[in-house]
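For the sequence shown, position 265 matches number 265 in the UniProt record's numbering, and the numbering has no gaps at all.
Glycine residues also receive a C-beta, built at the ideal position from the N, C-alpha and C atoms.
The block underneath contains the structure these notes are about, expressed in structure tokens.
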Amino acid sequence: MGSRAKAEAEEEEEEEKFDSSRDPRALCLYGDVLEAVASRVPTLDLVSASRVSREWRRAVRAALRRRPRRSPWLLLRLHRPTSTSASARGTLLAYDPHSRTWLPPLPHVRGPPPPPHLPLPRASPALHAASLSAMAVARDPFGATWRAVEAPRVWRVDPVVVRGPGGSDGWEPCDPIPAAFDGSKSATWLSAATSDSRVYITDKNRGWTSWFDLETKKWGPTRQLRPDPAAASFAIGVLSGYNNNNNDRHRHRHRHRLVLATAGRREGRVEVRLWEADAETLDVVEGKCAAAEMPKEFARRMFQEITEEESDEDDRSWGSSSLSVGLCSSGDGGYVYNGSDLRKGMVRFYDYYYYYHDEDGRTASCKWEWIGVPMIMQKEKVVDRVVVVGCTVVGLDDLALLFPY
């Protein structure tokens, strides 16, 4: 039995649990009308809608197949590593881009299992926790359930951790990180992003970039990506699929797009831009309008606004330590934020692609959306907390696991 036939058989078996006669209201909507309504319902509400009846469950599944929701959710976990209380170990905040709303804090998502002093590294799309003697990996995007795995045999401060799909939960030796990253070999100084077969790393301050292949256990080329000479901060991200106008989509087996975020200052203001790089060679797309620039108002709100006079008077305040751009991406979009202060707000980007202009050549296009942080981020003292930023595409099954009733 093929995987698709098996999935359909399991879905039919699961639908047998429903009885539409238990709720007469389920008969008021059906067929194409019900599917059209389901396609406009927020993702979180689809969980309860799919539990009404067999007909409703079919409509929800059909709506998601016709219009897949590939925009990633933004996930923030406020973690207090020194806390011994289970309830205080973590607070999960989730943003649904389809309904453009933050979910209320989820108190039943408590964080990783004991021991309680597990720091949460900040460079993995899968939520995980590690210490000298233990390691745990979240089974779902929200960290509602965890799985204990073998801890690394050699400890590193704030390591970049990559867990390959279908692995044996063991550790294998690999080639050392390229020499260009000497002095910045922890997640504190590196921006990391993963695809299904690779991990990409970028030096946040210098732009040096390379990739590691999980199958061959070898490093690829190492290049300094600095398409903008004024850039002082760098971050890397991965998007699924290919650019709409990319004619080289069959050249490589790696079906993803590599995105570089840069932040720099010009004439007393901060400019944030997105660039696309070749996932194989790390060549940055060139062109007069090859970069997608964040709206100036968003960049001003996200970063400290200075005047040209202040910039000339005290240029030291604008070193790489004060200007830090963060990027997390998945599916067809992602989020850009101030790595030094998340409370200033975040910016979502989506519909990022290239088109060809007669005069400017390859031109980038992108949609931007401002996202204010939840009130809990403003009220609570987050200085003593580790804020783990992540984003991932959330499906109906993920939400059903988070809300089992």
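Helix, strand or coil: how does DSSP classify residue i here?
| i | result |
| --- | --- |
| E172 | coil |
| V388 | strand |
| Q304 | coil |
| L282 | coil |
| V394 | coil |
| D45 | helix |
| F181 | helix |
| K218 | strand |
| M294 | coil |
| D19 | Residue placement at D19 is poorly supported in this model, since its pLDDT is 47, which falls under 50; the coordinates still yield a value, given next. Coil. |
| L74 | strand |
| V149 | strand |
| N244 | Model confidence at N244 stands at a pLDDT of 47, short of 50, so the residue's coordinates are unreliable and nothing is read from them. |
Measure the alpha-carbon distance for residue i versus residue j and round it to whole angstroms.
| i | j | result |
| --- | --- | --- |
| R348 | L74 | 9 Å |
| Y337 | A364 | 20 Å |
| M375 | A291 | 33 Å |
| Q304 | M346 | 14 Å |
| E369 | R273 | 14 Å |
| residue 406 | G395 | No answer is possible for residue 406: it lies beyond the span of the chain, which begins at 1 and ends at 405. |
| M377 | R343 | 6 Å |
| S99 | P68 | 15 Å |
| V259 | D182 | 23 Å |
| D45 | G372 | 22 Å |
| L190 | G339 | 12 Å |
| K204 | I236 | 9 Å |
| V199 | T91 | 28 Å |
| A136 | Y356 | 46 Å |
| F234 | W275 | 11 Å |
| D351 | T188 | 30 Å |
| V154 | C174 | 13 Å |
| V41 | G268 | 44 Å |
| Y256 | A49 | First, the amino acid is wrong: residue 256 is His here, not Tyr. Approximately 33 Å between the Cα atoms of the pair. |
| K296 | A261 | 15 Å |
Would you please state the rounded distance, in angstroms, between the beta carbons of residue i and residue j? I believe it to be under 8 Å.
| i | j | result |
| --- | --- | --- |
| V270 | G326 | About 14 Å separates the two Cβ atoms, so there is no contact after all. |
| G331 | S240 | 6 Å |
| T202 | T194 | With a Cβ gap of about 13 Å, T202 and T194 do not count as contacting. |
| V47 | L282 | Not quite, the Cβ-Cβ distance comes to about 41 Å (not below 8 Å), so this is no contact. |
| F142 | A94 | 7 Å |
| V149 | L225 | Wrong, their Cβ atoms sit about 33 Å apart, outside the cutoff. |
| T392 | P97 | No, T392 and P97 are not in contact; Cβ-Cβ is about 12 Å, not under 8 Å. |
| A263 | L323 | 6 Å |
Who are the near neighbours of residue i in its chain, counting only those whose CB is closer than 6 Å to its CB and skipping five residues on each side?
| i | result |
| --- | --- |
| R139 | T145 and R147 |
| A38 | A59, V60 and A63 |
| A299 | V270 and V272 |
| K367 | Y350 and D351 |
| W102 | Y95 and P374 |
Counting contacts by CB-CB distance shorter than 9 Å, is residue i in contact with chain D?
| i | result |
| --- | --- |
| S184 | Of the chains in the structure shown, none is chain D; there is only one protein chain. |
Identify the residues that DSSP records as bridge partners of residue i: which are they?
| i | result |
| --- | --- |
| R343 | For R343, which the question treats as bridged, DSSP gives no partner whatsoever. |
| Y200 | A193 and W211 |
| H98 | DSSP lists no partner for H98. |
| G333 | S330 and Y350 |
| S365 | Y353 |
| T262 | F234 and R273 |
| residue 407 | Look at the range of the chain in this structure, 1 to 405, and you will see that residue 407 is not part of it. |
Ordered along the chain, which non-local residues of its own chain (more than five positions away) have a Cβ less than 7 Å from that of residue i?
| i | result |
| --- | --- |
| P178 | S210, W219 and T222 |
| R266 | A230 |
| F212 | R198, V199 and W219 |
Excluding the 5 residues flanking residue i on each side, which residues of the same chain have their C-beta closer than 8 Å to its C-beta?
| i | result |
| --- | --- |
| D341 | none |
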